[in-house]
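For the sequence shown, UniProt numbering assigns the number 1 to the initial residue and increments by one for each residue that follows.
Note that the Cβ used here is the ideal one computed from N, Cα and C, for glycine as well.
Fair warning: this is a prediction, and the values are worked out from it, not measured in the lab.
Okay, so here's the structure we're looking at.
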Amino acid sequence: MKSVCVLHLLRNKMVRSFGNVREEEISLMMEKIRKSSSLPVNLSEILASLTNDVVSRVALGKKYGGETDFKELLERFIRLLGVFSVGTYVPLLAWIDWIRGLDAEVEKTKNEFDEFLERVVQDHVDGYGDRNDFVDILLAIQRNKSVGFEIDRLSIKAIILDAFVGGTDTTSALMEWEMTELLRHPKFLKRLQEEVRTVCKGRSIVLEDDIQAMGYLRAVIKETLRLHPPVPLMVPHESTEDVKLGDYHVPAGTQVMINVWAIGREVATWGPDADEFKPERHLDTPADFRGQDFELIPFGAGRRMCPGISFAVVLNELVLANLMHGFDWRFPVKSTEDQTGVAESTGLAIHRMFPLYAIASSPT
Ligand code: HEM
C-alpha cells in the first residue's frame, strides 16, 4: 500500500502536476490577507485552511474545508490520534479509557469519517465530476488491477484518510513555525524578503520555477524543521530483531520512539547555539532532511519514511515565498509574550500553543 502511495500519488511528477491547485489556493490566501487592511490576521487559521483546501482538492477533487462538519471532524480525528491511551500501554487499565469516554469518542469519530469517505468514494464511482484526484487514481488502479494485489474500498478510504492525517496538520504547523521564527527575527525575515524580491523583481507573484534560485528560503525551512519538527516523536516503531545499542539490549518487539526534536537540538552536533534559530548555519552544509543525514530527520528515514515529503515541501516553499514577496510583516504592537513566544501545544503534530497573529502591510 505504501508503494501505491509513493509511486502513484505522491511522487515528484504527480506533485508537480497539481501546480494549478497550489497557485489558485495561494492566490486566494493572498487576497484574504490583503483584505485585512493592516489589521492583525490569524495566520494559524489561514495556513490551516490553505493546507486543508489544497489536500481536499488534490485528494478528493473539491474543497470540503468550508463544510464546518468536515473541518470539525478532521480536527477531532487528529486530536484523538495524539491522545494518550492508557489501555495501549497498560492493558489491565484499559477500562480507564472506557470510563473517560475515549473509546466512545474514537468509535463515533471512526464511524463519521467512514460515512464521509464512503460518500466521497461513491460520488467518484458514480462519475460525478471529471477529475484526476487521488480517489480517481485509486479507483482506476482498482479497476485495471494494475498493481500486483487487490485494492478494496476500505484500502482506498484508508489511503485518503492517511493523506489528510499525514498531510494537513503537519504542513500547516511547519509554516506556522516558520512565520513565528521570522517574525521573532526581523533580520532573517528581511534577508529572506530581499532574496525573494530580487528573484521575482517586477512580478506580483512567485512561481514554482523561481524557487530553485532561493537558497536562503530553503535554509529557513531546514532550520525550522530542525527546531520545530512537526512530528517530534515520529510515529511509534517496533524493533523486528534483537539489537545492541550502546550499553542497552533492545529485544525484538520493543516499541521504539525516536526523539527527532532532541536530535535537532543536540549540542554535540549543532554547537552551543543549538537552541537558537539561525538559518545561516545551513548555507554551507550539505545536510538535508530527506532521510540520508541522521542529524536532521523530521520526515523520518528508511522504509517508513514520510511519503509526502515532496508534497509538503513544494507547497511550503511556494507559500512562504509568496508571503515574503507580497507583504511586509510584524507582530501587532500590543502583542503579549504568549503571542510572540514559542510555547508548544500537545498532539500528534505540534503547533503553537496560541494562534499566531501578525500584521501584513504592502511591501515598502
Ligand atoms: C511538513 C510536513 C510533514 C512532516 C513533518 C511529516 C512527517 C512525517 C513523519 C515523521 C512520519 C513518520 C516517519 C517514520 O516514522 O519513520 C510520516 C509518515 C507519513 N506521512 Fe508525513 N509528514 C509531512 C507531510 C506529509 C504529507 C503532505 C503527506 C501526504 C499527503 C504525508 C503522509 C504520510 C504518511 C501516509 C505517513 C505514514 C508512512 C508509513 O507509515 O509508512 N506526510 N510523516
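Going by beta-carbon coordinates alone, are residue i and residue j separated by less than 7 Å?
i: residue 367; j: residue 170; result: No statement about residue 367 is possible, as the shown extent of the chain runs from 1 to 364 and does not include it.
i: residue 358; j: residue 206; result: no
i: residue 348; j: residue 176; result: no
i: residue 60; j: residue 21; result: no
i: residue 6; j: residue 168; result: no
i: residue 211; j: residue 317; result: yes
i: residue 97; j: residue 85; result: yes
i: residue 40; j: residue 272; result: no
i: residue 199; j: residue 213; result: yes
i: residue 388; j: residue 15; result: Nothing can be reported for residue 388, as the shown portion of the chain is limited to 1 through 364.
i: residue 260; j: residue 250; result: no
i: residue 73; j: residue 118; result: no
Along the beta strand (DSSP E) that carries residue i, what are the first and last residues, could you check?
i: residue 222; result: Where residue 222 is concerned, there is no enclosing beta strand (DSSP E), although the alpha helix (DSSP H) it sits in stretches over 215-227.
i: residue 249; result: 248-250
i: residue 349; result: Unbroken run through residue 349: none, as it is neither H nor E.
i: residue 244; result: 243-245
i: residue 359; result: 357-361
i: residue 328; result: 328-330
On a Cα-Cα basis, can you pick out the residue from the options that is closest to residue i?
i: residue 122; options: 104, 95, 108, 156; result: 156
i: residue 314; options: 4, 12, 364, 8; result: 12
i: residue 291; options: 79, 356, 225; result: 225
i: residue 78; options: 71, 111, 165; result: 165
i: residue 286; options: 354, 326, 219; result: 219
i: residue 204; options: 1, 30, 312; result: 30
i: residue 10; options: 329, 249, 159; result: 159
i: residue 70; options: 52, 195, 87; result: 52
i: residue 253; options: 241, 263, 133; result: 241
i: residue 132; options: 281, 279, 363, 58; result: 58
i: residue 76; options: 50, 107, 344; result: 107
i: residue 2; options: 83, 243, 138, 280; result: 138
i: residue 275; options: 265, 363, 24; result: 265
i: residue 23; options: 256, 126, 209; result: 209
i: residue 267; options: 325, 227, 256, 202; result: 227
i: residue 323; options: 8, 19, 28, 4; result: 28
i: residue 308; options: 83, 143, 162; result: 162
i: residue 319; options: 172, 99, 82; result: 172
i: residue 82; options: 258, 345, 127, 178; result: 345
Taking the alpha helix (DSSP H) that residue i falls in, what are its first and last residues?
i: residue 13; result: 12-17
i: residue 36; result: It is not in any alpha helix (DSSP H) - residue 36 carries neither H nor E in the DSSP assignment.
i: residue 122; result: 102-125
i: residue 178; result: 153-184
i: residue 56; result: 43-60
i: residue 269; result: 267-270
Compute the beta-carbon to beta-carbon distance between residue i and residue j, rounded to the nearest angstrom, for a pair I have assumed lies under 8 Å.
i: residue 180; j: residue 352; result: 6 Å
i: residue 327; j: residue 26; result: No, residue 327 and residue 26 are not in contact; Cβ-Cβ is about 13 Å, not under 8 Å.
i: residue 217; j: residue 182; result: No, residue 217 and residue 182 are not in contact; Cβ-Cβ is about 11 Å, not under 8 Å.
i: residue 147; j: residue 141; result: 6 Å
i: residue 44; j: residue 356; result: 5 Å
i: residue 17; j: residue 360; result: Actually they do not touch by this definition, with Cβ atoms about 31 Å apart.
i: residue 277; j: residue 223; result: 6 Å
i: residue 80; j: residue 105; result: 7 Å
7 Å is my cut-off, CB to CB: does residue i come that close to chain D?
i: residue 147; result: Absent from the structure: chain D. Only one protein chain is present.
Q: Spell out a yes or no on whether the region 293-304 and the region 137-157 are touching, meaning 3 or more CB-CB pairs, one atom from each, closer than 8 Å.
A: no
**Q.** At least three beta-carbon pairs within less than 8 Å, the region 236-256 to the region 182-195
**A.** no
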